[in-house]
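In what follows, a structure is listed as C-alpha cells, so that the remarks can point back to it.
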Amino acid sequence: MKRTEIVQLLKPEFYQAHLEQTVLLMGWVKAFRANRFIALNDGSTINNVQVVVDFENFDEEIIKKISFHSCIKVSGKLIESQGAGQSIEIQAEDIEILGESNPADYPIQPKRMTMEYLREKAHFRMRTNTFSAVFRIRHAVAYAVHKFFNDKGYIYMHTPIITGSDAEGAGEMFRVTTFEPQQAPTTEEGEVDYSQDFFGKATNLTVSGQLQAEIGALAFGKVYTFGPTFRAENSNTSRHLAEFWMIEPEVAFFDIMDDMDLAEEFVQYLINYVLDNYPDDLAFLDKRIQDEEKNMPKEKRRPMGLIEQLRFVVDNDFERITYTEAVNILRNSKPYKKGKFEYDVEWGTDLQAEHERFLVEKKFKKPVIVRDYPKGIKAFYMRLNDDQKTVAAMDVLFPGIGEVIGGSQREERLDVLIERCEAAGIPAEELWWYQDLRKFGGAPHAGFGLGFERIVQFITGMSNIRDVIAFPRTPGNAEF
RNA sequence: GCCUCUUUAGCUCAGUUGGUUAGAGCGGCGGACUGUUAAUCCGUAGGUCCUUGGUUCGAGCCCAAGAAGAGGCGCCA
C-alpha cells in the first residue's frame, strides 16, 4: 500500500472519497493521550491527524514506544471522528515503530520553550509547530519570488559568490583564500602576496550581486538574483545575519519611480501569496503571538495581530516621501520638539532607527518609502539628482524590522560616475567593466535589494531574524 | 564595537533583610484511566544556584573579574 501524506488526507475531497477504506500513514507522534489517541504529524502540514488505538489489540512493547517524536508507521481505517475537534480519524489496525525516541533524553518537550533554547537545538527545532510553520512559509516566500519574476518575464541570474572586486562598498567582507594563515607568502614589502593565491588576486565572499546584475539588465532588460550574501560586520541585533539571502532585481529603462512601484508590488505579492496559500500556518503563528503577549502590558503589545497587519500592508499603498520631507516632518514632530529623540535630525545626516520608527509606526502607520537621500551618505553608484545634492536612492521601511529594501536608480553617466568614485576614494580602474557598461550601449536603469530573511521575519512575525533561517551565522556562532 | 539586562532541577521560572534541610509549574519515571484535544488523577526521582576569586561566623543573595545568552544602538538587507 502507498503512503498517504497527511496534508492530502485532511482535504475533504480526499477523505470523503476514502471513508471506511484502509490508509497507510508515516509520521512523528506529537501526543499520545489517554493511552488511546495519537496526534500524528508528517511535516506536510501544520495539522495533525488523530490515530485511535485499542491498546488491547497491540503488543504492550509497541504501545510503550509510542512517545513524543517517535516515528511510526500506521495502517488503519479512515473513519468519521467520534469525538469533537476533528472531522476524521484513523482506527489503527497495525502499528510499526520506525524510530524510537526516549523522552527522558530527548531535548524537545511538548511544552513552550524559549527561542534561545531551541536555537541551540537547531537540528530538532524544525519539528516544533512554530518552526514548522516558519520554514514552510519561508519556502512559500522563496517560491513566490521566482513566480513573481518569472510571470513578469524576468531572467533569473546567478551572480558569483566569490568576488574579486573590492569595491562593492557594502561593508566588511569575508576573505577567501587557500593560504595557510601562518604561512602566506609575502611580497618584498612584507604584505601578503595574493598573486600567488588560488585566484591570483585577493578574493572575498560577495556582499551583493548588484554590480553583476547590472551587466544582466543591460543584456536582458529585466533580471533578478536570489542568492546567499555575506557580511563580516560585527552586528549583534535581531535583524542582522553574517550569511543571508538577498533578492536583487535590476531593470533597464527604469527610473527611481518605476523602482519604487516594483518594490511595492513585489512585497505585496509575496505577502498575498502566503495569505492565500498558507492560512493554517499564519493562523498558528498569529495565535502564538497573541498567547505570548497576553500577559504583557498593553503598551508592549503589537498594535495589530499578525494576519491583520499583513492584510493592512497589502490593502494600503505605501507612503512615499523624500528624505527632505522626512527631515521636515521629524523636526516638526512632537517627540523632536520635546527632545525625546536621542539623535538630532539635521539635513545631511542619515535617519536613525528611532526616526524611521516614528515615521512608520507613529506618523503614517504603514510601510514608508523614503527617497532622494543626500549624496554624502549613499553609495557611489546611485544616480545624482539634478539638484546636485541628492541621489535617486530609496529605502522601504517596515514596522518592527526597519529597512526591508534598499535600492536606487544607477548612475549611467560615465563622467559623473567617475567623479563619484573618486570622491568616495574608490579606485575606478578596479571597476573597468562597470565603466564599460556606460561606454557601450549604456541605459538608464534601477534596482533594489530585498533582505529575504527580513521579509520572512515580517510575514511570520518572528521577533529575531535568527529564527527564520535554519542555521543562522552570526558573530561567534557557526554551529551546525 | 558601545550601552543595559539575564544566568537557580530536563524546560520555564520563584527564592524576602545574608541564616540552618533551595521551591513551584511543566516535562521524565512508576501507577490508574477506552472519547482524549496543552487530557486528568495519585506517587516518585532529579541541583557544580554559570566560573573563579573576595567580604563574612555564615553567600543562591554582597563585591571584583571572566564566560555565555538576550534586548537596544551603530553598520545594513
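According to the numbering used here, the first sequence is numbered sequentially starting from 41. Every residue gets a Cβ at the ideal spot worked out from N, C-alpha and C, and that includes glycine.
Nearest to residue i (by Cα), restricted to the options the options
i	options	result
residue 63	97, 134 and 76	134
residue 457	181, 357 and 415	415
residue 121	92, 408 and 226	92
residue 136	162, 101 and 145	101
residue 182	490, 54 and 129	490
residue 213	242, 234, 223 and 116	242
residue 407	361, 386 and 191	361
residue 179	311, 464, 123 and 58	311
residue 443	449, 435 and 450	435
residue 239	223, 259, 216 and 249	216
residue 280	48, 316, 400 and 506	506
residue 295	508, 58, 80 and 484	484
residue 81	110, 99, 74 and 94	110
residue 373	403, 448 and 487	403
residue 440	76, 488, 350 and 192	350
residue 150	220, 319 and 68	68
residue 410	459, 267 and 300	300
residue 172	324, 463, 392 and 429	324
residue 291	486, 218, 226 and 388	486
residue 488	132, 286 and 177	286
Beta-bridge partners of residue i, as assigned by DSSP
i	result
residue 111	68 and 139
residue 292	485
residue 448	433 and 487
residue 62	117
residue 422	450
residue 287	266 and 490
residue 442	438
residue 244	203 and 215
Cβ separation of residue i and residue j, assumed to be a contact under 8 Å, to the nearest whole Å
i	j	result
residue 269	residue 284	6 Å
residue 424	residue 395	Not a contact, Cβ separation roughly 24 Å.
residue 70	residue 88	5 Å
residue 250	residue 288	5 Å
residue 197	residue 264	7 Å
residue 400	residue 438	7 Å
residue 413	residue 376	Residue 413 to residue 376, Cβ: 19 Å. No contact.
Neighbourhood of residue i by C-beta, 6 Å cutoff - its chain only, sequence neighbours within 5 removed
i	result
residue 97	none
residue 72	78 and 106
residue 43	64 and 66
residue 519	none
CA-to-CA distance, residue j to residue i, given in whole angstroms
i	j	result
residue 254	residue 421	11 Å
residue 65	residue 142	22 Å
residue 331	residue 344	14 Å
residue 164	residue 326	22 Å
residue 199	residue 245	11 Å
residue 104	residue 494	44 Å
residue 329	residue 234	51 Å
residue 158	residue 258	45 Å
residue 56	residue 50	10 Å
residue 517	residue 148	21 Å
residue 322	residue 386	41 Å
residue 84	residue 469	53 Å
residue 145	residue 139	14 Å
residue 313	residue 187	10 Å
residue 262	residue 247	21 Å
residue 168	residue 130	23 Å
8 Å CB neighbourhood of residue i in its chain, flanking five on each side removed
i	result
residue 276	514 and 515
residue 454	475, 478, 479 and 482
residue 333	340, 341 and 342
residue 317	180
residue 205	251, 470 and 471
Own chain, CB closer than 7 Å to residue i, minus 5 neighbours either side, in chain order
i	result
residue 418	431 and 433
residue 272	212, 213, 214 and 282
residue 504	155 and 278
residue 390	417
residue 48	54
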